[in-house]
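Just below is one structure, and these are the notes that go with it.
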Amino acid sequence: MNNSSLIESVTKRFPDGVSASHTYRGDATVVLQLDALLETARFLKEDPAMEMNFLVDVTAVDYSAFGKGSVPAFFSSSGVTVRPSPQIPDPDPWPGPPDKARFAVVYHFYSMAKKHRLRLQVPIEDETSPEVDSLTSLWPGANWLEREVWDMFGIVFRGHPDLKRILMYQEFEGHPLRKDYPVAKRQPLIGPLN
Amino acid sequence: MTTHTPGTTPKQPAGLTTREMMLNIGPAHPAMHGIVRLVTKLEGEEIKGAEVEIGYLHRGFEKMAETVDYNGVMPYTDRLNYVSPLINNMGYCMAMEKLLGIEVPERCHYIRVILSEVSRIGDHLTCVGATAMELGAFTVFLYMIKAREYLWDLVEKVTGARMTVSYCRVGGVKADLQDDFAELCVKAFMETRKVLDETHGLLTRNRIFTDRMNGTGVISAEEAISYGITGPFLRATGAEYDVRKDCPYAVYDRLPFDVPVGTRGDNMDRYLVRMEEMEQSMRIVEAALRDIPPGPVLTNPETGRPIPAAEMVDLAKVGNIDAISGGCAVAGPTLEGSSRAQYPSIAADQKQVFLPAKEDTYGNIEGLMQNFKLVMYGHGVRAPKGEVYFPVEGANGELGFYVVSDGGSGPYRLRCRPPCFAIMSALPTLLEGDMISDLIPTFGSVNMIGGELDR
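So the protein sequences, as listed, match chains S and E. Everything in the first sequence is counted per the numbering used here, starting at 10 for the first residue and increasing by one. Everything in the second sequence is counted per the numbering used here, starting at 14 for the first residue and increasing by one.
The structure is reproduced here in structure tokens:
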């Protein structure tokens, strides 16, 4: 299936769940409502026309600093303001990040049989306690990927069997890939629990 | 040794009871390829369950990538899978090129493919060699490291470094292949083939080796896919998924190679798939070296010799532009192929993206400005707003880069999909029901690379 028919079949199946869709640089993206994720993922996995048996990746993006200038690196010493070079023009512009939502969870799917790829984007508007359904019931591989998203962004996956930190240590405070977590922040390493 | 089929409980003598025992392996254990902790539940010698704890090598790759400009990410990508850094370089660059919508010259694609495949051979050599060493075949390890050394010498000649290569640039590569690359490659492959033959002789029919590899760490194709496993590990189960074949990138669709697949999905199949993949990688490189579009002539036609970079800087300082305006510089002994003559064939013709040749940086004001506009803090490549995902076939499987740009000079968000993350998440399933001694070959065949797993 090509990108447009992929988007079309998902939109037709879930007219209420799909809030937007686009193709950018050959990547098909479907933006979903929060509650439509699990059903859409099941449809992608089990529908014979989609057959997307491979959950490639689960990640998230914190859009709270989008377009507000890059985070200064902690080793950048010059305080000189510079006028940056002009942006490289884009003949086929991207529709932009989701409005209002701070976080967006991004899923990449691939079908080994049909050889097509699809990206699902699930914007989460709740900033204080972001929550989304877990896909562990469909793909056991989602387990670790979701743990990493929880670790890095603090997004809770409902129905996850064992949601705990994976890359950081258990006593770590905060979620390092959030844009409000300073890159140079240090935390004391607390000794083992027992 | 008594035979014992996995999954069944061995017979207990009457009156004796066993109890579950917890055995902690790692984080620093000689048979662990890197720092990782396994907490196993044992009943006798049988593994009843395992818990894998990772993150000991977490360096915040994704967070650091947000603080630097697009080309500044390159050294960080070297340190993902540090055994085959050129594939990481290539994956990141191709993701960025997709976002920028630029096309690199054909010769550049070929160079990237050649060096990726050389790195892949090095990676597989390390994996197979280390696995064999842990099973007692130390000779194989030494032979394979010797072969890897020939390949890394090749890499060093081209990139100037053995492991932390930082060779690719967004829009091209740092330097062209040097003149005698093809000859050196033939020599290195001859040595590698010799080692592969010796390894086959030492291992493939070796009773001690096959007894430990056959039927251990078994996983079915469906289960492997549900865990997101890719690469040689998946292909050993019989699923034919190779990014190079299924979603061809660069010039892989023009090069002849086969995708070896296994049937049983056990450690032996993974070993055989890796051995065959090395042969196929050499086939790709040989075909690529035959088909690669010719590079430029290296010497300056007027003087007949390239100008050393230091001499060029001196000439530029005193304003003697005439003497260097048409010349080629020798940037350094390790980077013979980085002079201006090579540029049209190794880098995209995009002033806003690619650094100028050193001759231009030192020789004229336009080159100097172009260089500064790209390297100074706050300037750099300014990609349009957008998001892309680009997968390449890493040595362990699908290595994907997901880049989100907000129009700034560096990535707004950079996500690396590490291939061995998925395999490690399936490790408890792989180990369950096997004996504790089977943990060693199974873990070896995962080819865990801490830098990539923990980022």
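Note that beta-carbon positions come from the ideal geometry of N, C-alpha and C, so glycine has one too.
When the five nearest sequence neighbours on each side are left out, the beta carbons in the same chain lying within less than 7 Å of the beta carbon of Ile175 (chain S) are those of Trp153, Arg156, Glu157, Asp160, in order along the chain.
One finds Asp259, Cys260 in chain E with Cβ atoms closer than 9 Å to the Cβ of Lys124 (chain S), taken in chain order. Fewer than three pairs of CB atoms, one per stretch, sit closer than 8 Å, so the stretch 425-439 of chain E makes no contact with the stretch 113-130 of chain E. Chain-order list of chain S residues neighbouring Glu130 (chain E): empty, with the shortest C-beta distance near 23 Å, by a criterion of under 8 Å.
Within the stretch 51-75 of chain E, Ile67, Gly68, His71, Gly73, Glu75 place their CB atoms closer than 7 Å to a CB of chain S, listed in sequence order. When C-beta distances to chain E are compared with 7 Å, the residues of the stretch 11-43 of chain S below that value are Tyr33, Arg34, Asp36, in chain order.
One thing to note: Glu64 (chain E) has its Cβ no nearer than 8 Å to the Cβ of Ile453 (chain E).
As computed with DSSP, His117 (chain S) is found in a beta bridge with S:Asp66, S:Arg128. Counting every other CB atom within 10 Å of its CB across the protein chains shown gives Ile16 (chain S) a total of 16 or more, marking it as buried.
At a C-beta separation below 7 Å, Tyr425 (chain E) has these neighbours in chain S: Phe75.
Residues of chain E whose Cβ lies closer than 7 Å to the Cβ of Trp159 (chain S) do not exist; the shortest such Cβ separation is about 13 Å.
When DSSP states are grouped into helix, strand and coil, Ala44 (chain E) belongs to the coil group. Sequence-distant partners of Gly105 (chain S) (beyond 5 residues in either direction) whose C-beta falls short of 8 Å from its own C-beta are missing from its chain. Between Lys398 (chain E) and chain S, the shortest Cβ-Cβ separation is below 8 Å. With 16 or more other CB atoms across the displayed protein chains lying within 10 angstroms of its CB, Val394 (chain E) is buried. In the pairwise beta carbon analysis, the stretch 128-142 of chain S is classified as touching the stretch 25-38 of chain S: at least three pairs are separated by under 8 Å. In the three-state DSSP reduction, Lys398 (chain E) falls in the coil class, being neither helix nor strand. Rounded to whole angstroms, the separation of the alpha carbons of Lys371 (chain E) and Met382 (chain E) is 12 Å. Cα atoms of Asp255 (chain E) and Leu147 (chain S): separation of roughly 23 Å, rounded to the nearest angstrom. Residue range 119-147 is occupied by the alpha helix (DSSP H) that includes Arg125 (chain E).
When C-alpha distances from Val388 (chain E) are compared across E:Val366, E:Val208, E:Gly68, the shortest belongs to E:Val366.
In terms of beta-carbon proximity, Ala263 (chain E) stays away from the interface with chain S, with every pair separated by 8 Å or more.
Taking C-beta atoms under 8 Å as the contact rule, Val416 (chain E) and Glu400 (chain E) qualify, at a distance of about 7 Å. For Ile175 (chain S), the nearest beta carbon of chain E is closer than 8 Å to its own beta carbon. Here Met203 (chain E) is exposed. Its C-beta has fewer than 16 other C-beta atoms within 10 Å. With its beta carbon less than 8 Å from one in chain E, Gly105 (chain S) belongs to the interface.
Only Glu411, Gly413, Tyr415, Val417, Asp419, Gly420, Gly421, Ser422, Gly423, Tyr425, Arg426, Arg428, Arg430, Phe434, Ala435, Met437, Ser438, Ala439 from the stretch 407-440 of chain E bring a Cβ to less than 8 Å from some Cβ of chain S. Identification of residues in the stretch 89-114 of chain E having a C-beta nearer than 9 Å to some C-beta of chain S yields Lys111, Leu112, Leu113, Gly114, given in sequence order. Taking Leu55 (chain E) as the centre and dropping the five residues before and after it, the same chain places the C-beta of Glu33, Met34, Met35, Leu36, Lys61, Ile449 closer than 8 Å to its C-beta, in chain order. Excluding its 5 nearest sequence neighbours in each direction, Val40 (chain S) has C-beta neighbours in its own chain below 6 Å: Ser28, Ala29, Gln130, listed in chain order. With respect to chain S, the C-beta atom of Arg395 (chain E) has a partner C-beta closer than 8 Å.
Residues of the same chain with a CB within less than 8 Å of the CB of Met157 (chain E), apart from the 5 flanking positions on each side, are Leu138, Thr139, Val141, Gly142, Ala145, Val208, Thr212 in chain order. Judged by DSSP in its simplified three-state form, Thr38 (chain S) adopts strand.
For Asp451 (chain E), no beta strand (DSSP E) run applies, since DSSP gives it neither H nor E. Glu60 (chain S) sits in coil when the DSSP states are folded into three classes, being neither helix nor strand.
In the three-state reduction of the DSSP assignment, Gly463 (chain E) falls in the helix class, which pools H, G and I.
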